[in-house]
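Worksheet: the structure to be examined is printed underneath.
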DNA sequence: ACTCCCGTAACTAGAGAAGTTACGCGATTC
DNA sequence: GAATCGCGTAACTTCTCTAGTTACGGGAGT
Ligand code: FES
Ligand code: FES
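Residue numbers (this note's numbering), protein chains in the order written: chain A, 9 to 144; chain B, 9 to 144.
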């Protein structure tokens with residue numbers, strides 16, 4: 009597991025859930041399946057809950073469930089839920105007032121923002137249901 | 009300085025060089041200007057030298073110089089010289105043979121590759137000379 | 001010869017992410 | 001209503017990656 013395993017974990021879990029949208033899954037089971045820790049699962053899936061993709065239930069027979077049908081959840085939804093912008097401004101924003109650095113920052117930031125939009129747009133073209141189907 | 013300060017340092021330095029393409033600059037001076045260490049400068053600029061963007065000269069009055077006119081060096085050239093792919097496959101490629109994970113990896117990889125191409129294409133539209141001019 | 005600057009290796013230090021432990025809370029079950 | 005089970009969250013520990021640093025060798029000028 010290297011960087012950004014959060015996205016990997018989230019997509020993997022949701023793909024599984026797309027198989028049986030109404031079933032309830034426990035953090036421990038998901039963690040065991042993904043080879044990680046229940047707390048890590050709760051952390052990642054907690055972000056998806058805040059974004060309204062999942063609901064969690066406490067109590068004796070609690071667990072995780074999809075908040076809406078799998079065909080209404082796109083990869084972009086998941087990506088945005090975990091707020092990791094891939095195309096973050098790669099230039100440090102400590103503008104020294106210097107015009108060269110400022111021009112550089114402006115230019116690169118603009119490109120990055122456009123790329124970020126492209127990424128989101130492309131991710132939004134695929135739902136987790138399609139992932140499930142293409143896997144079969 | 010956070011992640012990817014290498015790209016920042018490289019672009020900054022090249023933008024400066026675009027002002028006086030024939031002047032010779034020492035690692036120590038560049039480092040002092042950028043608030044870092046001469047060795048770091050040599051490391052980063054070494055990549056640009058391997059990519060044919062810069063030439064370095066040893067000896068008593070050595071230093072760094074542009075290898076070609078600034079209007080022939082694009083931001084994409086610099087980005088590619090430091091081989092940091094922003095849109096690296098974010099999913100761990102340890103394919104467990106599992107069909108769901110495989111389908112997921114394929115899909116995300118394809119999107120990432122497309123985004124990477126978009127990024128390079130957009131970066132190639134700007135030369136370091138244009139950065140210099142827009143700064144002025 | 002001497003000096004200056006690049007090239008490179010090896011080590012240190014710091015930031016960031018994941019993994020781990022621990023405990024409180026609510027809901028279910030009996 | 002007491003016990004159990006699973007989530008929520010905080011605090012700590014690794015682990016990894018990057019930048020920063022020190023050190024030394026070699027070539028090109030003077
Ligand atoms: S610090 Fe302003 S351009 Fe270098
Ligand atoms: S391991 Fe979960 S889909 Fe294969």
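The beta carbon of each residue, even a glycine, is placed where N, CA and C say it ideally should be.
For residue 23 of chain B, the secondary structure class from DSSP, reduced to helix, strand or coil, is helix.
Using beta-carbon distances, residue 82 of chain B does not count as an interface residue toward chain A, since no partner is under 9 Å. Chain order gives the chain A residues near residue 108 of chain B as 20, 23, 24, 139, 140 and 143, where near means a beta carbon separation below 8 Å. Using a Cβ-Cβ cut-off of 9 Å, residue 56 of chain A does not count as an interface residue toward chain B, since no Cβ of chain B sits closer than that to its own. Out of B/126, B/47 and B/26, the CA that lies nearest to the CA of residue 34 of chain B is found in B/47. Taking residue 73 of chain A as the centre and dropping the five residues before and after it, the same chain places the C-beta of 32 and 63 closer than 6 Å to its C-beta, in chain order. Here residue 69 of chain A is exposed. Its C-beta has fewer than 16 other C-beta atoms within 10 Å.
With a threshold of 9 Å between beta carbons, residue 34 of chain B makes no contact with chain A.
Below 8 Å, too few C-beta pairs join the stretch 22-32 of chain A and the stretch 124-144 of chain B to call them touching: fewer than three. For residue 74 of chain A, the enclosing beta strand (DSSP E) begins and ends at 71-74. Here the alpha carbon of residue 93 of chain B sits roughly 45 Å from the alpha carbon of residue 67 of chain A. Separation of residue 141 of chain B and residue 39 of chain B (C-alpha to C-alpha, rounded to the nearest whole angstrom) is 23 Å.
The residue among B/135, B/19 and B/107 with its C-alpha nearest the C-alpha of residue 55 of chain B is B/19. Where residue 65 of chain A is concerned, the enclosing beta strand (DSSP E) starts and stops at 62-65. Relative to ligand 2, the nearest heavy atom lies less than 8 Å away from the CB of residue 108 of chain B. Below the 7 Å Cβ cutoff, chain A contributes 119 as neighbours of residue 131 of chain B, in chain order. Between ligand 1 and residue 41 of chain A, a heavy atom-to-CB distance of less than 8 Å is absent. Beta-bridge partners of residue 82 of chain B (DSSP): B/135. With 16 or more neighbouring CB atoms inside 10 Å of its own CB, residue 42 of chain B falls in the buried class.
At a cut-off of 9 Å between C-beta atoms, residue 61 of chain A does not count as an interface residue with respect to chain B. Using a Cβ-Cβ cut-off of 7 Å, residue 122 of chain B is close to 130 of chain A, given in chain order.
Of all alpha-carbon atoms in B/13, B/15, B/23 and B/14, the one lying nearest the alpha-carbon of residue 106 of chain A is that of B/23.
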